[in-house]
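So the sequence shown is numbered by my numbering: it starts at 23 and just counts up by one.
Idealized CB from N, CA, C, for every residue including glycine.
Structure, as C-alpha cells:
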Amino acid sequence: MQQSQQIAIISVIMLWALQMGDAGAGGRLKANGWTAACRLASELDKVEQKAAHRLATPMATVNDYLKQYFRTAIYTEAYRNGHHTAADRALLTYYASKADAAAAELTPSAVAKLATAVRDAARAEGSIRDFIGAMAQISAAATDGCLEIETGSNTHRPPNTPFTGSSAGCKLSTDQLPITDTTTEGFTQTGYDGGLEVNADVAANTDTTSDTCAITAAKASSRLLDGANGDSAIQGSPTFASGLYYIHNDGMQRRATVSLNTAEGKAPTLKAAHTAYLTTKYTPESYKFETADQLKESADFRTIYAMLVKKKDTIGQPEEAVIKDEIGGAFGDKGAMAKEYNTAFASAQVHNPNAKGTEKVPLTSLSTLKDLTATLAYYQDINTKALKRKIAELEKQINKGASKTQEQICNAIEDQNETS
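Spelled out as C-alpha cells, the structure:
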C-alpha cells in the first residue's frame, strides 16, 4: 500500500514536471527570421545616413554656388576690367538662384522632418539590435538558447558567437554616422520585403527544439512570471524589436513588414521607420559646374536668359530652339566655357584681401564669403575709378571744343572698355 502511494506521488511529480516543460519554454528563433531582422537593422542605418546627407548637402550646395558666383564675378572684374556681358549677368543670376533653391531645402519644417527621420530610423534599428543581441546572450553552453545558429538546422548558437555574414547587421557600432547618399534595399512604397514580408506563426518563427527559451513560449504558465511558484500567465501583449516580434497566446510570432504604412496600431515605431525611408526619397540640390551645352538644357537658365538677355517674361514654344542655340554660343566656342569659367579659375591670380600691397593668391584659394566679398569690392573699386577717369578725359575733350553728344561719349567709353 505504501509502495503504491509512493509510485502515485512520483508519477504526479513527473507529470507536473513534464507539463511545466511543455508550457513554460519554447524553441529558438529561426535563423532565417532573426538574420533578416538584422538586415532590416542595417537598412535602417542606411536610412539614417541618407537623412543626415540630406541635412548636410543643402548648406554645402549653397556655399559652393555662392563661391562660384563670387569667383565668376571676381574673374570678370580682374581679367575683363569689369565688362560683364548680358550672358554673364544671366549666369551670375543663375548661380544665385541655385543657391536659393538649395537653401529652400533647409526650412525649419524640412529640417524637422529629416531630424525626425534620423530619430525614427535609429529608434527601430536600436530596438532590433538590442533585442537580437539580448537573445543571443540568453544561451547556455551547449543546448539551451534563444537563437538558432545562422546556418539553421535546429542548432544551438553559443553566446560568444560574433555577428558576421548574414547577421552582421546586428553588430553594434558606435562609430560616427556616415553622411552618405547610400542605396537602401528591401524598402518599398508601402513597407519592407527583405525576407520579413509575411507573418510568421510560432512554427515558422521558432525551431522544433522545444524547452530551450522561456521568452518564446506561450503566455500561459510562463516561466517569465513567478517561476518559483508554478509560473503565471502573461496578461499583456509584450512586443520586441519595435513590434517586429511579439508574444502571442501560443508563443512568439513575427509580424509581416509588407504593409508598414498601415501598421500604426500594432507597430507604430516600425511605421515611423518606414516613413523615415519615404522622407529621404528625393535627390537634394547639389553643386555641379555646367557648360553652355548643359545650361541650354536647363529650363531655369533659359527662363533667366530670356528675362535678362532677351527682355522677355515668357518663352514661346517656337523660341525654345532659338534660345538654346543662342545660349550654346553665348560663352564662346564649344569647350571654351569649361576652360574659362572653371579650369582658368585654378590658375587665376587675384588680390589677397588679407595682405597689404600687391600680393596675389590663386582665385580658388578664396573660400570664405568675407574674402570673396572683399576681393570683389577691391576690383570693382579699381574698375569704377578707371571708368571715372575715362569719363573725365572725354569731358575734357568736350570742354576743349569737341562737339560730342552724351550718346557719343557713352559709345566712346564702351569702345574703350571693349579694347581694354
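Backbone CA spacing between residue i and residue j [nearest angstrom]
i    : j    : result
T418 : K407 : The residue asked about is misnamed: residue 418 is Lys in this sequence, not Thr. Looking at the two C-alpha atoms, the distance is approximately 17 Å.
V383 : P80  : 28 Å
E127 : N176 : 51 Å
Y8   : G273 : The question about residue 8 has no answer, for the chain in this structure spans 23 to 442.
D122 : Y87  : 9 Å
S389 : A222 : 57 Å
R411 : I420 : 14 Å
G55  : A82  : 41 Å
H106 : D403 : 15 Å
D44  : K293 : The predicted position of D44 is uncertain, since its pLDDT is 45 and thus under 50; a value taken from the coordinates is nonetheless stated next. Computed Cα separation, rounded: 35 Å.
L317 : E147 : 43 Å
A108 : S131 : 37 Å
T386 : G379 : 20 Å
T446 : F353 : Absent from the structure is residue 446, since the part of the chain shown begins at 23 and ends at 442.
A190 : Q257 : 35 Å
T212 : A285 : 10 Å
A289 : R276 : 11 Å
V444 : D203 : With the chain represented from 23 up to 442, any question about residue 444 goes unanswered, as that position is not in the structure.
P467 : S149 : Since the displayed the chain opens at 23 and closes at 442, residue 467 lies outside it and no answer follows.
D142 : Y214 : 15 Å
A321 : K89  : 23 Å
A360 : D110 : 14 Å
A226 : E207 : 24 Å
D253 : I160 : 19 Å
L330 : G287 : 56 Å
A118 : L409 : 27 Å
I413 : A358 : 33 Å
L478 : G216 : Lying outside 23 to 442, the shown extent of the chain, residue 478 is not represented and no answer is given.
Identity of the residue in the options nearest residue i by Cα
i    : options                : result
K332 : E348, E286, D403       : E348
R324 : R93, T115, K135        : T115
A295 : E362, T210, G217       : T210
K346 : T313, Q90, K361        : T313
Y267 : T284, K120, A239, D393 : A239
K72  : R102, A144, G249, W56  : A144
L218 : Q198, G252, A236, G265 : G265
E319 : T301, E342, K334       : E342
T302 : K89, V280, V140        : V140
V443 : A124, A190, I171       : Here the chain covers residues 23 to 442 and nothing more, so residue 443 does not appear.
N182 : Q198, L292, A164       : A164
S188 : A146, E172, A112, R276 : E172
T297 : G287, N283, A289       : N283
L199 : T336, L391, L66, T212  : L66
A162 : A226, A250, A236       : A236
T186 : I160, G155, G216       : G155
N271 : S244, L330, L409       : S244
E362 : E381, F311, L409       : F311
Cutoff 6 Å; reference residue i; Cβ partners in own chain excluding five residues on either side
i    : result
I201 : A74, H75, A78
F153 : F262, A263
A255 : K241, A242
K166 : The sequence shown places Asp at residue 166, not Lys. Closer than 6 Å at Cβ, skipping near neighbours: T234.
P260 : I269
Y299 : V69, F209
A100 : V372, Y401
M157 : C168, L169
I326 : A112, T115, Y116
K120 : Y87
G174 : A53
Same chain only: Cβ atoms within 8 Å of residue i, ignoring 5 sequence neighbours per side
i    : result
T205 : K68
D315 : G350, K356
V220 : A278, V280
N405 : E99, N103, G104
D248 : S254
T291 : D142, R145, A146, S149, S264, G265
Cβ shell of residue i (< 7 Å), same chain only, five flanking positions each side left out
i    : result
R151 : A63, C192, L194
T228 : G48, G49, R50, L51, K52, T238, G273, M274
T305 : none
D197 : none
Short CB-CB distance (under 9 Å) between residue i and chain C
i    : result
Y400 : Of the protein chains in the structure, only one exists, and it is not chain C.
Contiguous alpha helix (DSSP H) assignments of at least 4 residues, all confined to the stretch 281-317: Those alpha helix (DSSP H) runs which fall completely within the stretch 281-317 and span 4+ residues are 290-301, 314-317.
Which runs of the alpha helix (DSSP H) spanning at least 4 residues fall entirely within the stretch 126-196, listed in chain order? Qualifying alpha helix (DSSP H) stretches, in chain order: 130-159.
Is the stretch 363-381 touching the stretch 392-400, taking contact as three or more C-beta pairs under 8 Å? Yes, since at least three Cβ pairs between the stretch 363-381 and the stretch 392-400 fall closer than 8 Å, the two stretches touch.
Please determine if the stretch 126-136 and the stretch 59-66 are in contact, where contact requires at least 3 C-beta pairs separated by less than 8 Å. Taking 8 Å as the limit for Cβ pairs, the verdict is that the stretch 59-66 does not touch the stretch 126-136.
Contained alpha helix (DSSP H) runs [length at least 4] in the stretch 331-409, N- to C-terminal order: Every alpha helix (DSSP H) stretch that sits fully inside the stretch 331-409 and reaches 4 residues is listed by chain position as 341-350, 366-369.
Between the stretch 359-368 and the stretch 92-100, are three or more C-beta pairs nearer than 8 Å? The stretch 359-368, when compared against the stretch 92-100, does touch it at the 8 Å Cβ threshold.
With contact counted as at least three CB pairs below 8 Å, one residue from each stretch, are the stretch 223-239 and the stretch 47-54 in contact? Contact between the stretch 223-239 and the stretch 47-54 is present, because at least three Cβ pairs lie under 8 Å.
In chain order, which continuous runs of the alpha helix (DSSP H) of length 4 or greater are located wholly inside the stretch 42-77? None, since the stretch 42-77 contains no complete alpha helix (DSSP H) of that length.
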